[in-house]
Every structure is written in structure tokens, then in C-alpha cells.
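Numbering (numbering that gives the first Met the number 0), first residue to last: 0 to 309.
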Amino acid sequence: MSATTSRERSPLVAMSLSMLCCGLGQIYCGEAGRGLILLSLSLLLGPIVVATALTATSTGMLILLLASLTAVLGISLWSIGDARRRARALRGTEFIPRDYNRPAVYVLLAMTGVPYALGLALFLRANVVEAFRIPSASMVPTLVPGDRVLVTKLGIADRTLSRGEVVVFRNPQNRSQSFIKRVIGLPGETVEIRDGKVFVNGQPLPLEPGPASTDGSPAGKASGAALKIEHADRVAYAVLDDPAEQEGPRDSPPVTVPLWCYYVLGDHRSRSIDSREFGPVAHSEIVGVLSYLYWPGDRWSRFGPTSGPQ
0 MSATTSRERS PLVAMSLSML CCGLGQIYCG EAGRGLILLS LSLLLGPIVV ATALTATSTG
60 MLILLLASLT AVLGISLWSI GDARRRARAL RGTEFIPRDY NRPAVYVLLA MTGVPYALGL
120 ALFLRANVVE AFRIPSASMV PTLVPGDRVL VTKLGIADRT LSRGEVVVFR NPQNRSQSFI
180 KRVIGLPGET VEIRDGKVFV NGQPLPLEPG PASTDGSPAG KASGAALKIE HADRVAYAVL
240 DDPAEQEGPR DSPPVTVPLW CYYVLGDHRS RSIDSREFGP VAHSEIVGVL SYLYWPGDRW
300 SRFGPTSGPQ
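As C-alpha cells, this is what we get:
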């Protein structure tokens, strides 16, 4: 193999390096300035995401994350294509390596970019937002099996939850498992369930008949007697209660919710294991608050932010 051939820049290698670390393919082709600009752009998106997430609403956070993801993907794809074009432009010519065209430099840059991206993803997942897939029917009709949702974790340790919010928490009976339910009883309140009807401090939560059928969602398959609209402060939501389908306790004796605890119920009261069985949930066990349905399990008309206290 001639010296000229051995020093040619391979489009495949250039593309592979840019896949590994944005801008690295350009550096491989001798354009350090271009490569470092691309690398810097990809690295700058992380602090922007974190800084904005600290002040954004749940909807704003999702828009930011989607925009950032699109920007990262766009920059990465452009970097890969540009690296290929740069390498092809050098085909048939002898490439004179620069001082930085060394494997050690490539490894060093890759060790900067790859851990940074992984660390940012892990930080966002642990502290800002996490995606969950709904596996069961315990929250039908609000959430159906197969739904994919975003749960906001930011500030959850110090946040005061409101009645009607949907939260994800660690199962008190198996902490390796996560449950998703609706907050019904707040700290200091007394919650009782009689004949499927919820009472808070002796007062029933307003309940009205729901439609006998809907546009094809699982709720529409229930009888009109089973589908109800429950009102919890400023939130109204559909619940299902069919004694014939009951899988756990239907009613609950009066329970006073301890401080920093919440009484939670599934919207499908007949198929939900919730505070009727394991009692109030400690605030410290709550992972986050449901904020967005980003991949509906059935109809795309359900896509979007979830309802909650205004």
C-alpha cells in the first residue's frame, strides 16, 4: 500500500467518528475548527436544557426537551453527512496529518463527548423528567395499557401535591415496582369509601353520571352505570366502578392521612390496588407527577398535556 493511499481519509471512518462524537469526523479530516464548533454546539445544549427545566412548566419542559432532542439529532446527522463529504473531497489526494490527527486525540475527545451525553441523560432521568409505560388498566379511562407518559420529578421532594393530581410512586409492598394513581386524600384529612363513593372529611366528592358510550376508548366499553365523572376540587375526571369486576377492596373504613402522606386511588376503582389495600403513601415514596401523554396506546387525539389543578 502506497503512502498516498495509507494517508487518505476514509469516508466510513469519518462517519463512524462523527457518530461516536459530534465533530470528530471533521477533526479526522483535518478541520479542527469546524469539528470543535460542532462539538461545542452539542455540548452547550445540555446546560441550556437543565437551566430552562428549572423554571419551565411541564408543557414548556416537554417542548424544550423535544426541541433540544431535535437540535441534537439535527446537528449529529449534519455532522455525520458533512464528515463524509469532507473525506470524499480528499479522495485521491495525499492527506498530510496535523499534530492532532492521532488516535490518542480521538479517544480523548470521545471520552469527553460520550460520557457527557450519558451523564446528561441520566441527570434528566433522575432529577427532571422520566418516561413510563402504562402496563395495566388501573387508571382507565384516563390512562390505558400501552400509553407512554412523561413524569415530572423536578422539586418533587418539597412540592405540596394537590387533590386530583396523578403521581408515580414506589409500591409500598414492593419498592422495586412503580405505581401510578390519583391523589384523593391530603395530609390531615380523613378519607372513607362507602359503596364505592369517596368521602373526604365526611363530605362526598361530587359524582355525576358519565356517558353511556364514548368514541371507542376502553371507558366506552363500560356500562353507563360504571362510568362516572368525579370532581376533586378543581379537577374533573372519569372513573370506573363496577362491583362485578372488583379485584380488591371496594370500600375503606375512615382513614386519617398522616402528615406528609397522601391517600391515592386508581381511576378504575374495580381494578386498582391502591390506598384501600396498602394505606396512605408517604411523600418520600412519590417519584413524580404525571405531566404529559406523549405516546397514546390507542388514539392520537389523547396526545398532549394531562389535566390537573390550574
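C-beta atoms are modelled at their ideal positions from N, C-alpha and C, and glycine is treated no differently.
What three-state label does DSSP hand residue 137 in the structure shown? Coil at residue 137, not helix or strand.
Cα-Cα separation, residue 136 to residue 226: 14 Å
Would you call the region 266-276 and the region 291-301 in contact, with 3 or more CB pairs under 8 Å? no
Grouping DSSP H, G and I as helix and E and B as strand, with all else coil, what is residue 173? strand
Counterpart residues of residue 280 in DSSP-defined beta bridges: Per DSSP, the beta bridge partners of residue 280 are 261.
So what's residue 105 in DSSP terms, helix, strand or just coil? In the structure shown, residue 105 sits in a helix (DSSP, three-state: H, G or I).
In this structure, does DSSP put residue 115 in helix, strand or coil? helix
In the DSSP output, what is residue 190 paired with across the bridge? For residue 190, the pairing in a beta bridge is given by DSSP as 199 and 254.
Would you identify the three-state DSSP class for residue 89, choosing helix, strand or coil? coil
Among 39, 196 and 14, which has the Cα closest to the Cα of residue 115? Of 39, 196 and 14, the residue nearest in Cα terms is 39.
For the beta strand (DSSP E) containing residue 285, list its first residue and its last residue. Residue 285 -> beta strand (DSSP E) spans 285-294.
Residue 237, enclosing beta strand (DSSP E) - first and last residue: 234-239
Based on Cα-Cα distance, which residue from 245, 261, 35 and 7 lies nearest to residue 111? 35
By alpha-carbon positions, which one of 259, 276 and 272 ends up nearest to residue 284? 259
Per DSSP, residue 209 is paired with what? DSSP lists no partner for residue 209.
Buried or exposed: where does residue 107 fall if 16 or more other Cβ atoms within 10 Å of its Cβ makes it buried? exposed
How should residue 279 be labelled, buried or exposed, when 16 other C-beta atoms within 10 angstroms of its C-beta is the threshold for buried? Residue 279 is buried by the Cβ-count criterion.
Considering Cα atoms alone, identify which of 141, 302 and 210 is closest to residue 264. 141
Starting from the C-beta of residue 237, find all residues in its chain whose C-beta is less than 8 Å away, skip the five residues before and the five after it, and write them out in chain order. Excluding residues within five positions, the ones whose Cβ falls inside 8 Å are 140, 141, 209, 218, 226, 227, 228, 229 and 266.
Leaving out five residues before and five after residue 126 in sequence, what residues of the same chain have Cβ atoms less than 8 Å from its Cβ? So the list reads 152 and 153, once near-sequence residues are dropped.
Ordered along the chain, which non-local residues of its own chain (more than five positions away) have a Cβ less than 6 Å from that of residue 27? 13 and 16
Please work out which residues of its chain come closer than 8 Å, Cβ to Cβ, to residue 286, disregarding the five sequence neighbours upstream and downstream, and give them in chain order. 129, 150, 152, 155, 166, 167, 168, 169 and 177
Beta carbon of residue 273 nearer than 7 Å to that of residue 162: no
Does DSSP classify residue 327 as helix, strand or coil? Since the first residue shown for the chain is 0 and the last is 309, residue 327 is missing from the structure and cannot be characterised.
Using a Cβ-Cβ cut-off of 7 Å (strictly less than) and excluding sequence neighbours within five positions of residue 94, which residues of its own chain qualify? Cβ within range, chain order: 6, 7, 8 and 29.
Is the CB-CB distance between residue 75 and residue 20 below 7 Å? no
Give me, in chain order, the residues of the same chain whose beta-carbon lies closer than 7 Å to that of residue 246; leave out the 5 immediate sequence neighbours on both sides. 269 and 270
As assigned by DSSP and simplified to three states, the class of residue 13: helix
I want to see whether chain D comes within less than 7 Å of residue 92, judged by CB atoms only; does it? The structure shown contains no chain D, having only a single protein chain.
The beta strand (DSSP E) enclosing residue 226, as first and last residue numbers: 226-231
Euclidean distance between Cα positions of residue 305 and residue 298: Those two C-alpha atoms are separated by around 15 Å.
Measuring alpha carbon to alpha carbon, tell me which of 185, 235 and 249 ends up nearest residue 255. Put simply, of 185, 235 and 249 the residue whose alpha carbon is nearest the alpha carbon of residue 255 is 185.
Using only CA atoms, which one of 196, 85 and 234 lies nearest to residue 241? 196
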